[in-house]
């Protein structure tokens, strides 16, 4: 079954904003409780559509609702991994020009290697920089602007991430739970690739220096 969505606006190469009412969301995810302002939908491939006319379409088998919002606004994120990106994800040599990033990937425990590399690649697609490891805490801090940090947590297979800004300063998306952290920062836990994409969307909202 093909789904057609109106009021679509392309925000980024693989990010769309469109209209999807709560009742329409219930048809796609009848058991999901509503939470937050926006609905977030992961697409397994690029949607078809006319950007000028504001319409996109996709097969219902190619979409996954990861958050059901309370408004008519939905964010659609394409989650496919193309061949070029697959090399990006699996080859640590990609980070040869960023020694801190390379160290982060190299030192990841096996159960976190795939998720951690995926997350870092998605972030570097938008934000150039290099991670700096602080051995005493096991935390990696972004340089030259420390607007986010990351610490692997092998015990529960997740990453603890802090980002500049208080929780109330973000337009919350998806399932990430933002909590107040050190002065002027928030923290959250990233446990899967869907949450990794949600984190990237939150990092876009961070005030940069």
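In the working numbering, the protein residues as written are 43 to 251. Here a beta-carbon is modelled for each residue, glycine too, at the ideal position from N, C-alpha and C. Keep in mind it's a predicted model, so treat the numbers as computed, not measured.
(request) Could you tell me the distance, in whole angstroms, from the CA atom of residue 202 to the CA atom of residue 230? (result) So the alpha carbons of these two residues sit roughly 6 angstroms apart.
(request) Let me know the beta strand (DSSP E) ranges lying completely inside the region 80-123, each 3 residues or longer, listed in chain order. (result) Those beta strand (DSSP E) runs which fall completely within the region 80-123 and span 3+ residues are 81-85, 90-92, 97-101, 105-109, 115-120.
(request) Report yes if the C-beta distance between residue 238 and residue 161 is below 8 angstroms; otherwise report no. (result) Remark: C-beta atoms of residue 238 and residue 161 approach each other more closely than 8 angstroms.
(request) Identify whether residue 64 lies in helix, strand or coil by the three-state DSSP scheme. (result) If DSSP states are grouped into helix, strand and coil, residue 64 belongs with the helices.
(message) I need the straight-line Cα distance from residue 133 to residue 65, nearest angstrom please.
(response) The pLDDT assigned to residue 133 is 43, lower than 50, so where the model puts this residue is not dependable, and the model offers no usable value.
(message) For residue 56 and residue 113, I'd like the C-alpha separation in whole angstroms.
(response) So the two alpha carbons sit approximately 22 angstroms from each other.
(message) According to DSSP, residue 194 sits in a beta bridge with which residue or residues?
(response) Partner(s): 201.
(request) Give a yes or no on whether the C-beta atoms belonging to residue 222 and residue 208 are separated by under 8 angstroms. (result) Going by C-beta atoms, residue 222 is nearer than 8 angstroms to residue 208.
(request) Go ahead and label residue 164 buried or exposed: buried means 16 or more other beta carbons lie within 10 angstroms of its beta carbon, across all protein chains shown. (result) Buried.
(request) Would you mind working out which of 242, 217, 233, 250 sits nearest residue 226, comparing C-alpha positions? (result) Looking at the Cα atoms, 250 is the closest of the given residues.
(request) Hey, could you find the ends of the alpha helix (DSSP H) residue 225 is sitting in? (result) Segment: none, residue 225 is in no alpha helix (DSSP H) and carries neither H nor E.
(request) Provide the residue span of the beta strand (DSSP E) that contains residue 183, from first to last. (result) Per DSSP, residue 183 belongs to the beta strand (DSSP E) from 181-185.
(request) Report the option in 53, 98, 110, 54 whose CA atom is closest to the CA atom of residue 74. (result) Considering only alpha carbons, the answer is 110.
(request) Quick one: using the 10 Å Cβ neighbour count with 16 as the cut-off for buried, is residue 184 buried or exposed? (result) Buried is the call here.
(message) I need the straight-line Cα distance from residue 216 to residue 169, nearest angstrom please.
(response) The alpha-carbon of residue 216 is positioned some 21 angstroms away from that of residue 169.
(message) Nearest by alpha-carbon distance to residue 198: which of 182, 236, 154 is it?
(response) Ranking the options by Cα distance to residue 198, first place goes to 154.
(message) Just verifying my parser: in three-state terms, what is the DSSP assignment at residue 241?
(response) Taken through DSSP and simplified to helix, strand or coil, residue 241 comes out as helix.
(request) Use the C-beta contact count for residue 63: other C-beta atoms within 10 angstroms, 16 or more gives buried, fewer gives exposed. (result) By the C-beta density criterion, residue 63 is exposed, having fewer than 16 other C-beta atoms within 10 angstroms.
(message) Output needed for residue 248: all residues of its chain with C-beta closer than 6 angstroms, excluding positions within five of it in sequence on either side, in chain order.
(response) If we look at residue 248 and ignore the five residues flanking it on each side, its Cβ neighbours are 189, 205, 206, 207.
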